Amino acid sequence: MLKKIRLEKGYLVLTLCILIIGFFIFKDFFLLKNVYIYNDIGSDTNNSYWPYLTYLSNMIYSGDFSLWSFNIGIGTSMFSTNPILTDPFNILAALWGPHLLVYILPYIALLKILTAAIGFYTYLKYIGMSRYSSLISSLLYGFNGFVILWGQHYHMGTIIVFIPFVLLGFERWMKEKKICLYVISLFLIAFSSYYFLYMFAIFFIMYVLVRYFEEYTFQLKHFVVFLLKNALYSILAIGLSCFILLPSVYVALNNPRISGQFIGNNIFSFATVMDYLTIIFRLFSNDILGTGTQFYGLWNYYEAPILYTGTISLLLVPLFFVYANRKNRIIYGTLFFFLFLFLVFPFFSQFLNAFSANSYRWTFIIIVFVCILNAKTLNYISEIKLKSNNLLLFLLFLTIMFISIISLLVGDDLLNWSQFFTHSFKYLFISLLLLLMYCFVIKMMNNRIYKKVILILICIELAVFSSITVNRVMLSKESINSKTGYNDYTKEALNYINEKDNGFFRIDKSYNSVFLADAMSQGYKGLKSYNSLNQPSYVEFLRNMGVPFKILNHPNYLTGLDSNTDLSRLLGVRYLLINNEAFAPNGYELVNEIENVKIYEDKYALPLGFAYERVISYEEFMKYNAEIRSNILLKSFVSKENMTEINKYDNLDLSGIDNSIVLLTMPIDKQNIGLLNIDSVNGELANSLTFNAINNDPQIILPLIKGESPSQEIKVSMHITSSIASEGQVFFGGDNGFSEENSKTFNYGVGETFYEFTFDYSNVSQLRLDISNAPGLFTISDFKIQFVDNKSLNDIESLKKNSLSISKYSNDYIRGSIETDSPKKLFMSIPFDKGWSAKVNGEKVGISNINLGFIGIDLFAGKNMVELNYTPPLLITGSVISFISLLFLLAIIFLKKRKSKRSN
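Under this note's numbering, the first residue of the sequence shown carries the number -12, and numbering increases by one thereafter.
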């Protein structure tokens, strides 16, 4: 049967239509006016996907396929990047090299559309649909709203490509008992994304049940055998992917983001009016409620329900239930009833996201079923020659028009859409006009001319609507070739550093070239990260050390160490790059300046590994505030182990740990204090200052009277009294103003809170207190600014004496030696992960979790040769399962062929 399908001329027509529509949509990218990277709500393409794909491309061209990376945060498993780096189409793009991949991305997008449409066409033809109905439905499938919109997030649209091949493979197994296509295509879904595999599994269960009852008369034994056989082949397909799937799932399930936070919501609680109106209007177009950042529907442009499959679908789906036989009406009516429940009750959206989020990314499920029904309806009309009822079409049109207009009026009344009314009405008018035209030509569709009219109308609609969705605020070719973004002078600064220093070190920047994934693109070991699954040990360390998540208070965004110099030195940050008004801490030496980038080296930075001789229990450690905790980590390691483990080392002497020697109290220039967004001021800052913040950005600017400034830490302390819980920030600046990098963020609750912190900076000429991020009444009392002695410098010099001398390292392997005069604990500034294993003097030793989330290794007195190696958890188990699955699959194929030969 597939041989006949291969000869179909419909493939040529379909390919030509897709290429013409695709050129219209992507022409600005093909002609190099823009690159397929967004600067609006789709900025993840610039902030995350582009640098990650650059990293993947560099991996391929360097031949370094390490499964741990020090370029994401301070280090994490590469399986945290699934599905970005496991998507086959992303791998294809990366093969073009780090410099060309950005230009190949629109071609990859069009290739996905073409592959998805051809796969869907082949599937429809195989299940008996006509050439014409398959052609129209495949066009609608290829340019559906999900692949055009979510496809801008590169890997997110790939599921649309693989689904038709899984369905075709399933049909071939069901009718011809051939399993290869089914197993391979399902394997590709499992390989590329465990996230979409879960959603697809739910979709596929529904599909299998629908097709069984559509094809067979129910018999319990036959039904059970049918399901068990299908389950066997599905398990084999998923088993083949386990070498990727299991390590990826392990990372996801051990991440704080995957917390099941939505479990427990009432199963039949309703959504909001905004949910339902967005669902209705997104049937007409992705952009009827605004485009990009101008979107005014539910949540945002991407996360809102995506249901568009061409406006003609609004007619074809209802017509299916008119033309289908009673059996199919019951089967598909039941199916669409459940899909309707999925949309009506938010619980099902949470369920389809494994209770990790409340998202409508699962709506591709509905799109697939709608496109199948489109084909069936068109097949009834065009091939079976069923006559369209004029009155029925007219009533359908009136119903759709009535619901949409009433919905628009409700949105205008309840959701204050008045300022957007014209935009939505314009789109709605065009969609209804298209519907009216489709009504007219559908009733004459048995005429070949009108079939062509429908094809032309659909091509025009898909081209125009998709072009609006795709062509928004993009990066230009000129912008990526200029000395900005990832291509700024950071590269030259990094080249200078790497030429002078070939050791293991980390680099921090006072700026972001683009965002938090700079290190992935520019190739350095840093602190920052933008990753959906940031390393959980690092996240936990930051939480325990009081380092805030400054963006949305979310651990996806790791912005650094909040100006904590002690922690920076602990984690081996040897170099600091500055290209703005920020300034370097004490102990940093300016070693070079390349254009606008200043390169500082910290002479107190600690190496990757060093040994402690003292210990403090976790319970004792957490009694102190975050500032003192930072200092303690430079004196002793923190252990959560039992007392037997702790007693192996000397306990830290805590006497005087929270006392600082005040060297100088810094006076404030009271005459020039600046107040912004503040009124009703009462009192003085030195005693008690009460004020009213009139918005969410109240600022108190404090000029300091300059005098003799010892090169020690600055300590700021104050009491804050508030009627609301809020977040504040203190900036310390020089003559050039303030920088986010030179600041501290803090949180406080209702009532009075004491807060103090230190800055390891001496050349400060002014402070800025942003006491709250919300309006309200606040009181600051006992405010002091003091120079205090830096007690950590002697501790750092002591730790450096017991450093690990590294002789060889890569991302997943480290070898070095260290000599100690007594048993000590080796600290490695590598986040604790069960995939790391260690050997000391050739003998395998255990790794402990110390310092709130880092690797600790027991050392013997004398010389210790240390080796660390990283193998992701469940990688070996997954590889064994994949190998066994492959053997089973080959055995089944062999037995089937043998049986076939005997039969012949």
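Note that beta-carbon positions come from the ideal geometry of N, C-alpha and C, so glycine has one too. Treat the numbers as computed from the prediction; the structure is a model and nothing was measured.
Task: Beta bridge counterpart(s) of residue 706 as assigned by DSSP - done: As a working note, residue 706 is residue 719 in the sequence shown. Its beta-bridge partners are 741 and 768.
TODO: Could you check the C-alpha separation between residue 825 and residue 715 for me, to the nearest Å?
DONE: Reading the sequence shown from its first residue, position 838 is the one you call residue 825. Reading the sequence shown from its first residue, position 728 is the one you call residue 715. Those two C-alpha atoms are separated by around 43 Å.
Open item on the list: For residue 384 and residue 69, I'd like the C-alpha separation in whole angstroms.
Closed with: Within the sequence shown, residue 384 is the residue found at index 397, counting from 1. Within the sequence shown, residue 69 is the residue found at index 82, counting from 1. Rounded to whole angstroms, residue 384 to residue 69 spans 44 Å at the Cα level.
TODO: Would you mind stating whether residue 726 and residue 568 have Cβ atoms separated by less than 8 Å?
DONE: Here residue 726 refers to the residue found at position 739 when the sequence shown is read from its first residue. Here residue 568 refers to the residue found at position 581 when the sequence shown is read from its first residue. Contact flag set, yes.
- [ ] List the endpoints of the continuous alpha helix (DSSP H) containing residue 456.
- [x] Numbered from its first residue, the sequence shown carries residue 456 at position 469. Residue 456 -> alpha helix (DSSP H) spans 435 to 457.
Task: Candidates 379, 878, 791 and 54, of which the one nearest residue 594 by Cα - done: Taking the first residue of the sequence shown as position 1, residue 594 is located at position 607. Per the Cα distances, 791.
- [ ] With distances taken Cα to Cα, identify the nearest neighbour of residue 193 among 178, 204 and 214.
- [x] For the purposes of this step, residue 193 is identified with residue 206 of the sequence shown, where counting begins at 1. Closest by alpha carbon: 214.
Task: CA-to-CA distance, residue 126 to residue 3, given in whole angstroms - done: Stepping through the sequence shown from its first residue, residue 3 is reached at position 16. Stepping through the sequence shown from its first residue, residue 126 is reached at position 139. Cα to Cα, residue 3 sits roughly 11 Å from residue 126.
Open item on the list: Let me make sure I understand the geometry here. Which of 288, 706, 84 and 366 has the alpha-carbon closest to that of residue 117?
Closed with: In the sequence shown, residue 117 corresponds to position 130, counting from 1. It is 366.
TODO: May I ask which residues mark the beginning and end of the beta strand (DSSP E) holding residue 164?
DONE: Counting from one through the sequence shown, the residue named residue 164 turns up at place 177. No beta strand (DSSP E) holds residue 164; DSSP gives it neither H nor E.
Open item on the list: Classify residue 86: buried if its beta carbon has 16 or more other beta carbons within 10 angstroms, exposed otherwise.
Closed with: Along the sequence shown, one-based indexing puts residue 86 at 99. Residue 86 should be labelled exposed.
TODO: Give me the Cα-Cα distance between residue 351 and residue 584, rounded to the nearest whole angstrom.
DONE: Mapped onto the sequence shown, residue 351 falls at position 364. Mapped onto the sequence shown, residue 584 falls at position 597. Near 46 Å, if we compare the C-alpha coordinates of residue 584 and residue 351.
Task: Rounded separation between residue 158 and residue 165 - CA only - done: One-based indexing of the sequence shown puts residue 158 at position 171. One-based indexing of the sequence shown puts residue 165 at position 178. Rounded to whole angstroms, residue 158 to residue 165 spans 9 Å at the Cα level.
- [ ] Output yes or no for whether 8 Å exceeds the beta carbon distance between residue 835 and residue 829.
- [x] In the sequence shown, the residue the question calls residue 835 occupies position 848. In the sequence shown, the residue the question calls residue 829 occupies position 842. It is not a contact, given that the beta carbons lie outside the stated cut-off.
Task: Contact the stretch 416 to 436 vs the stretch 280 to 289: 3+ CB pairs below 8 Å - done: no
TODO: Might you give, ordered along the chain, the residues of its own chain that have their beta carbon closer than 6 Å to the beta carbon of residue 72, omitting 5 neighbours on each side?
DONE: As a working mapping, residue 72 is identified with position 85 in the sequence shown. The answer, listed in chain order, is 43.
Task: Close Cβ partners of residue 269 (< 8 Å) along its chain, the five nearest in sequence each way excluded - done: Residue mapping note: residue 269 aligns to position 282 of the sequence shown, counting from 1. Once the five neighbours on either side are set aside, the close Cβ partners of residue 269 are 132, 275, 276, 284, 291, 292, 293, 294 and 295.
Open item on the list: Can you tell me whether residue 654 is buried or exposed? The criterion is at least 16 other CB atoms within 10 Å of its CB, across all chains shown.
Closed with: Your numbering for residue 654 matches position 667 in the sequence shown. So residue 654 ends up on the exposed side.
Task: 3-residue-minimum beta strand (DSSP E) runs that sit fully inside the stretch 596 to 680, ordered along the chain - done: 596 to 599, 601 to 604, 624 to 626, 649 to 652, 661 to 663, 665 to 671 and 675 to 680
TODO: Measure the C-alpha to C-alpha separation of residue 906 and residue 212 and round it to an integer number of angstroms.
DONE: Outside the modelled stretch of the chain, which goes from -12 to 891, sits residue 906, for which no answer is possible.
Open item on the list: Give me the residue from 349, 216, 200 and 219 with the minimum Cα distance to residue 187.
Closed with: The residue given as residue 187 occupies position 200 in the sequence shown. Among 349, 216, 200 and 219, the Cα nearest to that of residue 187 belongs to 349.
Task: Strand pairing of residue 851, partner residues [DSSP] - done: Counting from 1 along the sequence shown, the entry for residue 851 is found at position 864. DSSP, once it has assigned bridges, lists 805 as partnering residue 851.
- [ ] For residue 206, name the three-state secondary structure that DSSP assigns.
- [x] Translated into positions along the sequence shown, residue 206 becomes position 219. In this structure, residue 206 counts as coil in the three-state DSSP scheme.
TODO: Report the residue from 656, 340 and 784 whose alpha carbon sits nearest the alpha carbon of residue 622.
DONE: The count along the sequence shown starts at 1 and reaches residue 622 at position 635. When each option's Cα is compared against that of residue 622, the closest is 784.
Task: Which of helix, strand or coil DSSP assigns to residue 825 - done: Counting from one through the sequence shown, the residue named residue 825 turns up at place 838. Strand, per DSSP.
Open item on the list: Once the 5 residues before and after residue 768 are set aside, which same chain residues still bring their CB inside 6 Å of it?
Closed with: Taking the first residue of the sequence shown as 1, we reach residue 768 at position 781. Counting only Cβ-Cβ distances below 6 Å, and skipping sequence neighbours, we find 675 and 706.
Open item on the list: Quick check: what's the CA-CA separation for residue 774 versus residue 743?
Closed with: Against the sequence shown, residue 774 aligns to sequence position 787. Against the sequence shown, residue 743 aligns to sequence position 756. About 13 Å.
Open item on the list: Measuring only the C-alpha atoms, how far is residue 737 from residue 818?
Closed with: Position 750 of the sequence shown, counting from 1, holds the residue named residue 737. Position 831 of the sequence shown, counting from 1, holds the residue named residue 818. Residue 737 and residue 818: Cα-Cα distance of roughly 35 Å.
Task: Buried or exposed (CB count within 10 angstroms, at least 16 for buried), residue 730 - done: The sequence position of residue 730 within the sequence shown is 743, counting from 1. Flag for residue 730 reads buried.
Open item on the list: Considering Cα atoms alone, identify which of 111, 128 and 859 is closest to residue 522.
Closed with: Taking the sequence shown and counting its residues from 1, one reaches residue 522 at position 535. Answer by Cα proximity: 859.
Open item on the list: What does the Cβ neighbour count give for residue 630, buried or exposed, with the cut at 16 atoms within 10 Å?
Closed with: On the sequence shown, residue 630 is found 643 positions in, with the first residue counted as 1. Exposed, since its Cβ has fewer than 16 Cβ neighbours within 10 Å.
- [ ] Go to residue 561, then tell me how far its beta strand (DSSP E) extends in each direction, as first and last residue.
- [x] Start at 1 with the first residue of the sequence shown, and residue 561 comes out as number 574. Here the beta strand (DSSP E) through residue 561 covers 560 to 565.
Task: Extent of the continuous beta strand (DSSP E) run through residue 585 - done: The residue given as residue 585 occupies position 598 in the sequence shown. Segment 584 to 589, the beta strand (DSSP E) holding residue 585.
Task: Where residue 815 sits in the DSSP three-state scheme - done: Position 828 of the sequence shown, counting from 1, holds the residue named residue 815. Residue 815: strand per DSSP, three-state reduction.
Task: Spatially closest choice to residue 128 from 361, 78, 38 and 311, by CA coordinates - done: On the sequence shown, position 141 is the one that residue 128 refers to. The shortest C-alpha separation from residue 128 is found at 361.
Open item on the list: Within 10 Å of its beta-carbon, does residue 603 have 16 or more other beta-carbons around it, so buried, or fewer, so exposed?
Closed with: Position 616 of the sequence shown, counted from the start, is the residue given in the question as residue 603. Burial call: buried.
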